[in-house]
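Okay, so the sequence shown: first residue is 1 according to UniProt numbering, each after it adds one.
Using N, Cα and C, we set each Cβ at its ideal position, and we do this for glycine too.
Just so we're clear, the structure is a prediction, and the values are computed from it rather than from any experiment.
First the structure, in the form of structure tokens, and then the observations on it.
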Amino acid sequence: MQDAEVIPALEAVLKDLSPHPIVRHEAAEALEAIGLQKSIPLLEESLAADPAVEVQETCELALRRIEEQKNTSALPAKQGLSVEQPRELLLNEQESMLLMCWVSYKTKLLQMHFLTVLKNDDEHPMVRHEAAEALGSIADQESIALLEESAKDAEPIVSQNCEVALSMLEYERSGKSFEFLFL
1 MQDAEVIPAL
11 EAVLKDLSPH
21 PIVRHEAAEA
31 LEAIGLQKSI
41 PLLEESLAAD
51 PAVEVQETCE
61 LALRRIEEQK
71 NTSALPAKQG
81 LSVEQPRELL
91 LNEQESMLLM
101 CWVSYKTKLL
111 QMHFLTVLKN
121 DDEHPMVRHE
131 AAEALGSIAD
141 QESIALLEES
151 AKDAEPIVSQ
161 NCEVALSMLE
171 YERSGKSFEF
181 LFL
């Protein structure tokens, strides 16, 4: 949801240093997802001023991705690649199977990494929080089992994020549509 109307609220969250850094981290991620150039000064300010390294790193990544998005959207199709080529690749049964195998292999490697990170109590809670989010998106039996187990984790950021991931999975499986509440 790339709604520019939420930017002032995200700005207020990002500038308020009183809540846990994860709150500001999520605000910076949301600004990145919206991807508007007008978020750059705010992200730069938070990168320079926020005392939490996690927030600084998130702002740095957000700035880089917004800049990359600007640069790639301004580029024309290059090196003779047509819009039809990805379609042809997917419709070519042999090529499509190779692509699907490669994606499946890479997804399994990432999943194994996320499982390891979430289990590692020595890893920073913010990193474990991101691993839980990713596992919630993968949503296979192994990921769900670890999310259920980690919902009892002693670290609140980890346990609460696992609960949210499990709730989102349950909601998605219910078939209900998501509704936004605007105040």
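- Query: At a cut of 8 Å, does the region 120-134 reach the region 143-160 through at least three beta carbon pairs?
  - Reply: yes
- Message: Nearest by alpha-carbon distance to S150: which of P125, L110, L47, V55 is it?
- Response: P125
- Message: Quick check on the DSSP output: the alpha helix (DSSP H) that includes A151 runs from which residue to which?
- Response: A151 -> no alpha helix (DSSP H), and no H or E assigned at all.
- In the DSSP assignment, find the alpha helix (DSSP H) that holds V23 and state where it starts and stops. V23 -> alpha helix (DSSP H) spans 21-34.
- What is the rounded straight-line gap between the Cα of L10 and the Cα of A33? 12 Å
- Item | Local Cβ density within 10 Å of V55, reported as buried at 16 or more and exposed below that | buried
- How many whole angstroms separate the CB atoms of A52 and R24, which I take to be in contact at a CB cut-off of 8 Å? 7 Å
- Query: So what's G136 in DSSP terms, helix, strand or just coil?
  - Reply: helix
- Check each candidate in A12, A48, A145 and name the one with the smallest Cα separation from A165. A145
- Which residues in the same chain as M168 place their Cβ atom closer than 8 Å to its Cβ, once the five residues preceding and following it in sequence are excluded? Excluding sequence neighbours, M168 sits near G136.
- Item | When E60, S143, E67 are compared against L47, the one with the closest alpha-carbon | E60
- Task: Verify whether the separation of the beta carbon atoms of A30 and T58 is less than 8 Å.
- Result: No, Cβ-Cβ distance for A30 and T58 is not below 8 Å.
- Any idea what DSSP makes of P120, helix, strand or coil? The identity of residue 120 in the sequence shown is Asn, whereas the question assumes Pro. Coil, per DSSP.
- Using DSSP with H/G/I as helix, E/B as strand and the rest coil, what is A52? coil
- Message: Can you find the residues in the same chain that come closer than 7 Å, C-beta to C-beta, to I22, ignoring five residues on each side of it along the sequence?
- Response: Closer than 7 Å at Cβ, skipping near neighbours: M126, H129, I157.
- Task: Specify the secondary structure class of S18 as computed by DSSP and reduced to three states.
- Result: coil
- Item | Outcome for A143 when other beta-carbon atoms lying within 10 angstroms are tallied against a minimum of 16 | Inspection of the sequence shows that residue 143 is occupied by Ser rather than by Ala. With 16 or more other Cβ atoms within 10 Å, it is buried.
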